[in-house]
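A short worksheet on the structure shown next.
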Amino acid sequence: IAAARPGELLRIDTEALSWESATPAGSQGEARFLVFWSGCPRNLAATGFNQRVEECHAAARALAGAGAHADVSRLGALSDTRFETHGGSLPAAQRRRAAHFFGERQRVERGWQLWRRGDLSGFGQLMFESCRSSIENYQTGSPELIALQEILEQSPGVLGARFSGAGFGGCSLALVEAGRADALAGEIHARFAARFPELGEHAWAHLARSVGGVELR
132 IAAARPGELL RIDTEALSWE SATPAGSQGE ARFLVFWSGC PRNLAATGFN QRVEECHAAA
192 RALAGAGAHA DVSRLGALSD TRFETHGGSL PAAQRRRAAH FFGERQRVER GWQLWRRGDL
252 SGFGQLMFES CRSSIENYQT GSPELIALQE ILEQSPGVLG ARFSGAGFGG CSLALVEAGR
312 ADALAGEIHA RFAARFPELG EHAWAHLARS VGGVELR
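For the sequence shown, the positions run 132 to 348 when this note's numbering is used.
Encoded structure:
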């Protein structure tokens, strides 16, 4: 909230407690972010989300093993190579959670480089990959949000999309072609409302833009 800059993507390193921001080279105005509220309330306490977190801790402890990493309980403290070398020995659920984590970490780095180069199409594809991993590896997402993701993936002009969070209700975020943004907002809402009539009157789509962060004066 405090570090945001107009028109820029914010990259946060939670390990180092640092951040940086950047604009996409030569791509200003080519795409917009679309926030779609499903009309479905979010309640993580009623889902298996906390179990996923515990499975990540268990996977980290198993991957760390004995020796220098013995006290590790966070996947973020381990290298991609350690997962690639030892991940096959994890129980199936833990292996999936770890695959999602390490895949997401790689996608963040790749996405940052693509964004800075102005490759918004490539950036959008990583958003699609991220959401597929959330569904398949982290095994999250409500039926409504998974259906919304399918609609977004099938809509020409949507460059990328994923859940805003775990996908147990709430919002999805899409990167869309600027010239089709207004039309897409209406089309996606209509298709979602047709699939979930009980949510249609509560759902909405909003074209968003980044603004400057909070300042204390």
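Ideal Cβ placement from N, Cα and C applies to all residues, glycine included.
With a cut-off of 8 angstroms on Cβ pairs, the segment 264-274 is in contact with the segment 219-235, counting three or more such pairs. Per DSSP, the continuous alpha helix (DSSP H) segment holding L330 begins and ends at 328-331. For S158, the closest C-alpha among the options E151, I132, G207, D250 is that of D250.
R348 counts as exposed, since fewer than 16 other C-beta atoms from the protein chains shown sit within 10 angstroms of its C-beta.
The Cβ-Cβ distance between L306 and F214 does not fall below 8 angstroms. Just so you know, the alpha carbons of A336 and V184 end up roughly 30 angstroms apart.
Distance from the CA of L194 to the CA of A224, rounded to the nearest whole angstrom, comes to 14 angstroms. For the pair S341 and F294, the CB atoms are not nearer than the 8 angstroms cut-off.
Closest by C-alpha distance to F299, out of L315, G170, G219, is G170.
In the structure shown, F323 falls within a helical segment according to DSSP collapsed to helix, strand and coil.
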